[in-house]
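Residues 113 to 353, numbered by my numbering, are exactly what the sequence shown covers, in order.
Heads up, the beta-carbon is just placed ideally off N, CA and C, and yes, glycines get one too.
Since we're looking at a predicted model, the values are computed, not measured.
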Amino acid sequence: MLTKSQAKAFFVFGTAAFSAIFIGLTIDTFQRIPDQTKSQNLTEEVIRGKHLFDTKNCMGCHTIMGEGAYYAPELTKVFERRGEAFIKAMLRDPEAMYPGQRKMTNYKLTEQEINDLTAFLIWVGNMDLNGFPPKPDLIKTASPKADGATSELDAVVKNENRPQIFNQMCVACHQLNGQGGEVGPALDLIGELRDINYLKEWLRNPMSIKPDSKMPKLPLSEEEITELAAYLSTLKKEKVK
Ligand code: HEC
Ligand code: HEC
């Protein structure tokens, strides 16, 4: 049994020691924040984007770092998942990227607002969040479907031959090896159906080939178009798998 004075000493010493540890850990956490948030990348654009994100109430439908509403996809890693071009096209015209689905507001944003919001989402995406969100949640995202339903799995397949932009943007609407969205046709055999020049022309502007095309004109650079067309033209029977 402790005597009264021993108990008192035990209490005082214990409280002091653990308070010191707690304060130490708090200071340590605060010291890491600039590093983990990459605060040197906080440009004017990012800051304006953050204000837009708040004032346009994007969190009314989306979560970011786990906070917000659960109607629409988590946006913390949207940059890694979709890439810059998809995000910009989405903000410009949500209906074009997810035809006939749940409605994301078309805010009629100016190009500068789109750039600012995108810069903010890129900054958020590059933060070191100690592994948040967990990987399994990363692939379980909404992807557009032809019938208006949302598919459970949006498989962003890592495949070395595939241009990165294909994994970010094209799989949102097209299947390859059975994985991807179902808005457009599967592309497994596209190399047998179309030659490289047709594919380039199509990617520059689908409407120039098919005026009522349901595929939007995507913001692709001439370099990306060349890379994608070259890749697509290799998708033939013997190459599948
Ligand atoms: C009224 C609800 C709503 C609001 C408000 C909203 N969104 Fe969305 N957003 C959606 C839905 C729903 C989707 C997914 C499309 C679908 O499933 O049809 C989406 C998709 C997105 C995507 C693509 C995500 C992906 O993984 O493909 C981005 C980027 C995005 N929203 C950004 C924003 C930003 C930035 C704002 C604020 C300026 C915003 N959203 C406001 C409903 C909303
Ligand atoms: C928002 C959805 C969407 C996105 C994103 C999208 N596509 Fe499409 N794509 C479609 C639809 C819908 C069609 C069918 C068009 C039609 O026939 O009206 C299509 C058709 C095609 C075709 C067939 C053309 C033909 O005439 O045979 C190719 C090739 C193609 N897409 C490539 C791509 C590539 C590469 C990307 C990524 C850069 C991409 N698509 C992104 C919706 C999309």
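Task: Contacts around Ala-341, its chain only, beta-carbon distance under 7 Å, and the 5 residues preceding and following it disregarded - done: Answer for Ala-341: Ile-308, Leu-311, Lys-312, Leu-315, listed in chain order.
Task: Gly-292 versus Ile-302, Gln-280, Leu-301, residue with shortest Cα-Cα distance - done: Closest in C-alpha terms to Gly-292, from the list Ile-302, Gln-280, Leu-301, comes Gln-280.
- [ ] With a threshold of 6 Å, establish whether the CB of Gly-290 neighbours any heavy atom of ligand 1.
- [x] Taken from the Cβ of Gly-290, every heavy atom of ligand 1 lies 6 Å or farther away.
- [ ] Return the CA-CA distance between Leu-187 and Ser-131, expressed in angstroms with no decimal places.
- [x] If you take the alpha carbons of Leu-187 and Ser-131, they lie about 37 Å apart.
- [ ] Kindly give me the distance between the Cβ atoms of Leu-203 and Leu-229, rounded to whole angstroms, as I take these residues to be in contact under 8 Å.
- [x] Their Cβ separation, rounded to whole angstroms, is 6 Å, which keeps Leu-203 and Leu-229 in contact under 8 Å.
Task: CB of Leu-301 within 7 Å of CB of His-286, strictly - done: For Leu-301 and His-286, no; Cβs fall outside 7 Å.
TODO: Within its chain, find whatever has a CB closer than 7 Å to the CB of Leu-344; leave out the 5 residues flanking it on each side and keep chain order.
DONE: For Leu-344, the CB contacts under 7 Å within the same chain, skipping 5 residues up- and downstream, are Leu-299, Ile-302, Gly-303, Leu-311 in chain order.
Task: Contacting residues, own chain, Cβ-Cβ under 8 Å from Lys-326 (five flanking each side not counted) - done: Counting only Cβ-Cβ distances below 8 Å, and skipping sequence neighbours, we find Pro-211, Val-295, Gly-296.
- [ ] For Gly-136, count neighbouring C-beta atoms within 10 Å of its own C-beta (all shown protein chains included) and say buried if the count is 16 or more, exposed if not.
- [x] Under a 10 Å Cβ-count criterion, Gly-136 is classified as exposed, with fewer than 16 other Cβ atoms of the shown protein chains found around its own Cβ.
TODO: Run the proximity test for Gly-195: is its beta-carbon closer than 6 Å to any non-hydrogen atom belonging to ligand 2?
DONE: It does not: the Cβ of Gly-195 is nowhere closer than 6 Å to a heavy atom of ligand 2.
Task: Of the residues Gln-276, Gly-178, Leu-305, the one placed nearest Glu-336, counting alpha carbons only - done: From the listed residues Gln-276, Gly-178, Leu-305, the smallest Cα separation to Glu-336 is found for Gln-276.
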